[in-house]
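Chemist: Quick note on this note's numbering: the sequence shown kicks off at 71 and runs consecutively.
Let me give you the structure first, and then I'll get to my questions.
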Amino acid sequence: MTDSEVIKLNCPTCKKAILWNEDFPFRPFCSDRCRLIDLGEWASENHKIPGKSLDINIDDESNTEG
Ligand SMILES: [Zn+2]
Numbered sequence: 071m072t073d074s075e076v077i078k079l080n081c082p083t084c085k086k087a088i089l090w091n092e093d094f095p096f097r098p099f100c101s102d103r104c105r106l107i108d109l110g111e112w113a114s115e116n117h118k119i120p121g122k123s124l125d126i127n128i129d130d131e132s133n134t135e136g
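Structure below.
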């Protein structure tokens, strides 16, 4: 009566409880969708756009009157 120990964990994306076995081929995610979402967030963090700085005064030479 010794069941093999099953690792339980939660999907990093939706926090759904899953088991580390063949029933969840996309582990640690519950589904391929969650896996892609997590990868997308990871990628977007690397390429996140900084807040717009509209306080910069740009001297536009083409606007100078001569
Ligand atoms: Zn999920």
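The beta-carbon is built from N, C-alpha and C at its ideal position, and this holds for glycine as well.
Do you know how far the Cα of D129 is from the Cα of R97?
Modeler: 54 Å
Chemist: Is it buried or exposed, I88, if we count other Cβ atoms within 10 angstroms and call 16 or more buried?
Modeler: buried
Chemist: Could you check if K78 belongs to the surroundings of ligand 3, using beta carbon to heavy atom distance under 6 Å?
Modeler: The model on display carries ligand 1 but not ligand 3.
Chemist: Taking DSSP as the reference, what is the three-state secondary structure of I77?
Modeler: coil
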